[in-house]
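K.L.:
According to the UniProt record's numbering, the sequence shown is numbered sequentially starting from 1.
All residues carry an ideal CB built from backbone N, CA and C; glycine is no exception.
This is the structure I want to talk about, given as C-alpha cells.
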Amino acid sequence: MTILLLGSGGREHAFAWKMLQSPLCEKLFVAPGNAGTAAIATNVAISPTDFDALKLFVLENQVDMVVVGPEDPLVKGIFDYFQKDPQLSSIPVIGPSQLGAQLEGSKEFAKEFLMRHAIPTAAYDSFTAETVESGCAFLETLQPPYVLKADGLAAGKGVLIIQDLDEAKQELRNMLVHQKFGAASAKVVIEEFLDGIELSCFVLTDGKSYKILPTAKDYKRIGEGDTGLNTGGMGAVSPVPYVDAVLMEKIETRIVKPTIDGFQKDGIPYKGFVFIGLINVNNEPIVIEYNVRMGDPETEVVIPRLKTDLVELFLAVADQRLNEIELEIDSRSAATVMVVSGGYPEDFEKGKVISGLENVTDSIVFHAGTKLEQDQVVTNGGRVLAITSYGIDFESATKKSYQNIDQLHFDKMYFRKDIGNDLK
Ligand code: AMP
Ligand code: GLY
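And the structure:
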C-alpha cells in the first residue's frame, strides 16, 4: 500500500523507519519530512495543515492511508475533512477526530473530560478576561507553587509554574488581559500543583479497544539537572525503570480504560495515539495532560522497542480490530539523546553543515530539524538529531548514544550529558 505520513520531526523519521520495515508498505511519502526521511522515503513539499493540497496529492498518488504525526492538523480537523469528503472517506486517517483532538487543543475541554469520567487529575478552575478577579481570588485559596495553563495550543510554552502569589496574579492578568499567548490564553486553567515524578503513558486506540505501548520518560529542560527553559524534549528513555506492575495496573484501570470508555460514552471518534502525561504522587498516578499524538522524542525510544508491524497495527486501528492483535515488545531498553542547535529553545542559527553521520555505529540516527542542501545535511531547526541506542539497561543504551555523538559535529552543537542520570 501507499502511505502518506505528515510531519517533519524525529518522531516522523522514527515512524517512517518503522513503517518501511513492514511488507505492507510499498511506497511511503512524507510531507514535508526532513533529510532523514528523504533518505528512506519520498518527501513532499506540502504543509500538514494544507488540507486541500493534501487532498490533491492523495488522489493523484493513490494514497491508501494517512498517518498524522503532529497535533496541528488533528486540532484543525484533518480526520473530519477526510471523512466528510466522498472522494477521501474510504482512506483511513490515523489520528483522532477534531472533537477528540480538543483533548490537546483545549486544556479546559481536557479537564472537563477528566472530571466527567472520574479520572484522577489535579483540582482546577478556569477563567477568562471577564473573570480575572475571581481567578486572582482563586489563587489566594491555593498553596504555592501556582500552575497557570493557557487553554489553547501554545507550542509547549503555555504552562507557567510560579512560586510567588503576586507574580502569579500578574501573570494571570498578562495571559487573560494582555494575551501573553495570543488567543491561546483567552482562557486560563489554574491548577493545583502536583509534587511527584512525571512519566508518560502511550496508548494506541481504535476507539473501542486499546494497546498500551512501552512507557517512556523525557527530559524537558534545556540544562543538565533539569534546569533552564522548557524544550520539546532533550532525550528520553524507555522503559521507565520505576514503573512496576502495580503502578501500571493503576494507570490502566484508573486512567487508560476510563479514557477509552469515555470516548465511546461521549461519542468521540478516536483512531490514533493518546499520550497521557502523568505525575506519580506517592504511587498514585494523576493525569496532568492529554496529547493526541505520540511524544517527540519519546517516539524515538518507544517505536524502536515495538516488534509488531506498525502498518498492521494502523490497519487494525482503521478497521477497529485492534483487539485481535498481540503487541510484541523488545525487552531491551532504548535511550535517545537529542542534539540541538546552540541557543535553542531561544534564537538559534540554521544551515550549519552536519558532519560525521557516516561514523555512527550501533545507534540509530533519527533526523529532526535537518534538510538537504546540495547533497549536504544541514541543520534546519532547534532540535536537530535524536541518537537512539539499545542496551540491556538504560545506562548502557545512553552510553552508546553518547559514544556516537562524539563522532558528530556542527557549529554550536549542544546536547545534555545527563539523560537517564536521575534514574540511576
Ligand atoms: P503540560 O503542558 O500540561 O504537560 O505542562 C507542562 C509541564 O508543566 C509538565 O510537563 C509538568 O512538568 C508541569 N505541570 C503541569 N501541570 C502540573 C501540575 N498540576 N503540577 C505540577 N507540575 C505540572
Ligand atoms: N516530549 C513531549 C511532547 O512531545 O510533547
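Can you tell me which residues form a DSSP beta bridge with Ala186?
P.N.:
As a working mapping, residue 186 is identified with position 186 in the sequence shown. The partner list for Ala186 (beta bridge, DSSP) is empty, contrary to what the question assumes.
K.L.:
Cβ of Thr227 within 8 Å of Cβ of Val301?
P.N.:
Indexing the sequence shown from 1 puts residue 227 at position 227. Indexing the sequence shown from 1 puts residue 301 at position 301. In this structure, Val301 does not lie closer than 8 Å to Thr227 by Cβ.
K.L.:
Would you say Ala122 touches the ligand AMP, meaning its beta carbon is less than 7 Å from a heavy atom?
P.N.:
Taking the first residue of the sequence shown as 1, we reach residue 122 at position 122. True, at least one ligand heavy atom lies under 7 Å from that Cβ.
K.L.:
Measure from the C-beta of Asn421 to each C-beta in chain C and report whether the shortest distance is under 8 Å.
P.N.:
Within the model displayed, chain C is absent; a lone protein chain is all it includes.
K.L.:
Listed in chain order, which residues are found with a beta carbon closer than 5 Å to a heavy atom of the ligand GLY?
P.N.:
Those residues, listed in chain order, are Asp218, Gly233, Gly295 and Asp296.
K.L.:
Whose C-beta lies closer than 7 Å to the C-beta of Lys149 among residues of the same chain, with five residues either side of it excluded?
P.N.:
As a working mapping, residue 149 is identified with position 149 in the sequence shown. Here the set comprises Lys107, Gly158, Val159, Val188, Val189 and Glu191.
K.L.:
From this set, Val377, Gly36 and Leu322, which residue's C-alpha is nearest Thr205's C-alpha?
P.N.:
The residue labelled residue 205 in the question sits at position 205 within the sequence shown. Out of Val377, Gly36 and Leu322, Leu322 has the C-alpha closest to the C-alpha of Thr205.
K.L.:
Go ahead and pull the three-state DSSP assignment for Pro144.
P.N.:
If you number the sequence shown from 1, residue 144 lands on position 144. Of the three classes helix, strand and coil, the one that applies to Pro144 here is coil, per DSSP.
K.L.:
Residue range of the beta strand (DSSP E) that Phe348 falls in?
P.N.:
What you label residue 348 is simply residue 348 of the sequence shown in a count that begins at 1. Here Phe348 belongs to no beta strand (DSSP E), and DSSP marks it neither H nor E.
K.L.:
How would you write the range of the beta strand (DSSP E) that Ala31 sits in, first residue to last?
P.N.:
Here residue 31 corresponds to residue number 31 of the sequence shown, with the count starting at 1. Element bounds for Ala31: Lys27 to Pro32.
K.L.:
Can you tell me the Cα-Cα spacing of Leu59 and Gly69, whole angstroms?
P.N.:
By one-based count along the sequence shown, residue 59 stands at place 59. By one-based count along the sequence shown, residue 69 stands at place 69. Those two C-alpha atoms are separated by around 20 Å.
K.L.:
Would Tyr210 pass as a contact of Pro96 if the rule is Cβ separation under 8 Å?
P.N.:
Residue numbering aside, residue 210 sits at position 210 when the sequence shown is read from its first letter. Residue numbering aside, residue 96 sits at position 96 when the sequence shown is read from its first letter. No, the pair does not count as a contact, with Cβ atoms beyond the cut-off.
K.L.:
Please report the straight-line C-alpha distance between Arg173 and Ser185, rounded to a whole angstrom.
P.N.:
Translated into positions along the sequence shown, residue 173 becomes position 173. Translated into positions along the sequence shown, residue 185 becomes position 185. If you take the alpha carbons of Arg173 and Ser185, they lie about 10 Å apart.
K.L.:
Classify Tyr270 as helix, strand or coil using the three-state DSSP reduction.
P.N.:
One-based indexing of the sequence shown puts residue 270 at position 270. The answer is strand: DSSP assigns Tyr270 an E or B state.
K.L.:
When the distance is taken between beta carbons, is Ser341 closer than 8 Å to Phe348?
P.N.:
Translated into the one-based positions of the sequence shown, residue 348 becomes position 348. Translated into the one-based positions of the sequence shown, residue 341 becomes position 341. Yes, the pair counts as a contact, with Cβ atoms nearer than the cut-off.
K.L.:
Does the distance from the CB of Pro297 to the CB of Gly10 come in under 8 Å?
P.N.:
By 1-based counting over the sequence shown, the position of residue 297 is 297. By 1-based counting over the sequence shown, the position of residue 10 is 10. A contact, by the Cβ cut-off of 8 Å.
K.L.:
For Phe202, list the residues DSSP reports as bridge partners.
P.N.:
Translated into the one-based positions of the sequence shown, residue 202 becomes position 202. DSSP lists Phe275 as partners of Phe202.
K.L.:
Can you tell which of Phe51, Asp50, Ala16 and Leu24 has its C-alpha closest to the C-alpha of Asn43?
P.N.:
Within the sequence shown, the letter at position 43 stands for residue 43. Among Phe51, Asp50, Ala16 and Leu24, the Cα nearest to that of Asn43 belongs to Ala16.
K.L.:
Taking C-beta to C-beta, are Leu176 and Pro144 nearer than 8 Å?
P.N.:
As a working note, residue 176 is residue 176 in the sequence shown. As a working note, residue 144 is residue 144 in the sequence shown. Their beta carbons are not under 8 Å apart, which means Leu176 does not touch Pro144 by this criterion.
K.L.:
Please state whether DSSP places Ala368 in a helix, a strand or coil.
P.N.:
As a working note, residue 368 is residue 368 in the sequence shown. In this structure, Ala368 counts as coil in the three-state DSSP scheme.
K.L.:
Should the segment 323 to 331 be called in touch with the segment 261 to 280, which here means at least 3 C-beta pairs below 8 Å?
P.N.:
Touching, no.
K.L.:
Whole-angstrom Cβ separation of Ile279 and Glu198, contact assumed at under 8 Å?
P.N.:
As a first step, residue 279 is located in the sequence shown; it is residue number 279 there, counting from the start. As a first step, residue 198 is located in the sequence shown; it is residue number 198 there, counting from the start. The pair is a contact, with the Cβ atoms about 5 Å apart (cut-off 8 Å).
K.L.:
Quick one, which of Ala236, Gly343, Ala318 and Tyr290 has its alpha-carbon nearest Gly105's?
P.N.:
Counting from 1 along the sequence shown, the entry for residue 105 is found at position 105. Checked all of Ala236, Gly343, Ala318 and Tyr290; the closest Cα to Gly105 is Tyr290.
K.L.:
At the level of alpha carbons, what is the spacing between Ser333 and Lys400?
P.N.:
The count along the sequence shown starts at 1 and reaches residue 333 at position 333. The count along the sequence shown starts at 1 and reaches residue 400 at position 400. Their Cα atoms are separated by approximately 12 Å.
K.L.:
Using DSSP bridges, identify the partner residues of Asp218.
P.N.:
Looking up residue 218 in the sequence shown gives position 218. Answer is Ala236.
K.L.:
When DSSP labels each residue in this structure, what does Arg293 get in the three-state scheme?
P.N.:
Stepping through the sequence shown from its first residue, residue 293 is reached at position 293. Coil at Arg293, not helix or strand.
K.L.:
Taking its Cβ as the centre, do 16 or more other Cβ atoms sit within 10 Å of Lys18, making it buried, or is it exposed?
P.N.:
Counting from one through the sequence shown, the residue named residue 18 turns up at place 18. Buried, by the Cβ-count rule.
K.L.:
Quick one: what's Ile387 bridged to in DSSP?
P.N.:
Taking the sequence shown and counting its residues from 1, the one referred to as residue 387 is at position 387. Ile387 pairs with Val337 and Val365.
K.L.:
Considering only their Cβ atoms, is the gap separating Ile288 from Ala122 smaller than 8 Å?
P.N.:
Counted from its first residue, the sequence shown places residue 122 at position 122. Counted from its first residue, the sequence shown places residue 288 at position 288. Yes.
K.L.:
Assuming contact is defined by CB atoms lying nearer than 8 Å, are Leu408 and Val353 in contact in what I supplied?
P.N.:
As a position in the sequence shown, residue 408 is number 408, starting the count at 1. As a position in the sequence shown, residue 353 is number 353, starting the count at 1. No; because the gap between Cβ atoms is not below 8 Å, this pair is not in contact.
K.L.:
In whole angstroms, what is the alpha-carbon distance linking Phe314 and Gly100?
P.N.:
What you label residue 314 is simply residue 314 of the sequence shown in a count that begins at 1. What you label residue 100 is simply residue 100 of the sequence shown in a count that begins at 1. Distance between the alpha carbons of Phe314 and Gly100 is about 18 Å.
K.L.:
If you reduce the DSSP assignment to three classes, tell me which class Lys76 lands in.
P.N.:
Taking the sequence shown and counting its residues from 1, the one referred to as residue 76 is at position 76. Three-state result, Lys76: coil.
K.L.:
Out of Ile40, Glu252, Arg383 and Phe415, which one is the CA nearest neighbour of Thr398?
P.N.:
For this step, residue 398 is matched to residue 398 along the sequence shown. Cα-wise, what sits closest to Thr398 is Phe415.
K.L.:
Have a look at Ala14, Val243, Ser396 and Glu130 and flag the residue whose alpha-carbon is nearest the alpha-carbon of Asn282.
P.N.:
Against the sequence shown, residue 282 aligns to sequence position 282. Residue Val243 is the option with its Cα nearest to Asn282.
K.L.:
Between Gly235, Leu310 and Asn34, which lies nearest to Asn421 when the distance is taken from Cα to Cα?
P.N.:
Along the sequence shown, read from residue 1 onward, the residue named residue 421 stands at position 421. Answer by Cα proximity: Gly235.
K.L.:
Determine the DSSP secondary structure at Asn323, reduced to helix, strand or coil.
P.N.:
One-based indexing of the sequence shown puts residue 323 at position 323. Asn323 falls in the helix class under three-state DSSP.
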